[in-house]
Amino acid sequence: MRVMNVLTGVLIFLLMSFTVWEPDFEVARKTARDKNQLILLNFSGSDWCGPCIRLRKEIFDSEQFIKMADTTLVMVNADFPRNKKNQPERQVQQQNEALADKYNPTGKFPYTVLLNADGKIIASWDGYPKTDAMHFTEEVKKLCDANTH
């Protein structure tokens, strides 16, 4: 019984220690509208871009960011991996390319955009943030508070 309680606790911790990313941008827009949240759209190269990998590990997967994002953001990752084995489904590739055409036409990586449910840009960050997870989280939270009703 004790082992089962420990395993359950570990499982809950693991499930809560990762940011949930919505793969479909249109679903993200609907969710953001329904829950009065903003969309954080991140452009990454998950298997080749060092700053992208650091951003995910050090900021997006940080405990403070996850707690904040859970109630204020719908997270979307437009990933552009280079390794064939990491390629998303064709539909997701097409969606990511369309998102890049609209929000990241110069192809910056990482590039993060905060949007409202209508797709209007509220803020953007070019590259790895020049701050730590706590301060980045506070900055995003302030923007969310100022731009939701």
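When we follow my numbering, the leftmost residue of the sequence shown carries the number 73, and every step to the right adds one.
Glycine included, C-beta positions come from ideal geometry on N, C-alpha and C.
In this text, all values refer to a predicted model and were calculated from it rather than measured experimentally.
Residue j beta carbon less than 9 Å from that of residue i
{"i": "Thr91", "j": "Phe137", "result": "yes"}
{"i": "Leu171", "j": "Leu110", "result": "no"}
{"i": "Arg154", "j": "Asp119", "result": "yes"}
{"i": "Tyr175", "j": "Leu127", "result": "no"}
{"i": "Asp217", "j": "Thr144", "result": "yes"}
{"i": "Glu94", "j": "Met147", "result": "yes"}
{"i": "Glu130", "j": "Ala189", "result": "no"}
{"i": "Ile193", "j": "Leu215", "result": "no"}
Limits of the alpha helix (DSSP H) - the one that residue i falls within
{"i": "Ile138", "result": "Glu135 to Thr144"}
{"i": "Lys213", "result": "Ala205 to Asn219"}
{"i": "Arg126", "result": "Gly122 to Arg126"}
{"i": "Gln163", "result": "Arg162 to Tyr175"}
Where the beta strand (DSSP E) containing residue i begins and where it ends
{"i": "Asp198", "result": "Ile193 to Asp198"}
{"i": "Asn114", "result": "Leu110 to Ser116"}
{"i": "Ala186", "result": "Residue identity differs from the one stated: residue 186 is Leu in this sequence, not Ala. From DSSP, the beta strand (DSSP E) with Leu186 extends over Tyr183 to Leu187."}
CB-CB length for residue i against residue j, believed under 8 Å
{"i": "Asn114", "j": "Pro160", "result": "Actually they are not in contact, since the Cβ atoms of Asn114 and Pro160 sit about 14 Å apart, beyond 8 Å."}
{"i": "Thr220", "j": "Asn149", "result": "The pair is not a contact, with the Cβ atoms about 21 Å apart (cut-off 8 Å)."}
{"i": "Gly191", "j": "Arg101", "result": "7 Å"}
{"i": "Thr209", "j": "Trp197", "result": "Going by Cβ atoms, the distance from Thr209 to Trp197 rounds to 12 Å, so no, they are not a contact pair."}
{"i": "Cys124", "j": "Ser116", "result": "4 Å"}
Identified DSSP bridge partners for residue i
{"i": "Trp93", "result": "Met147"}
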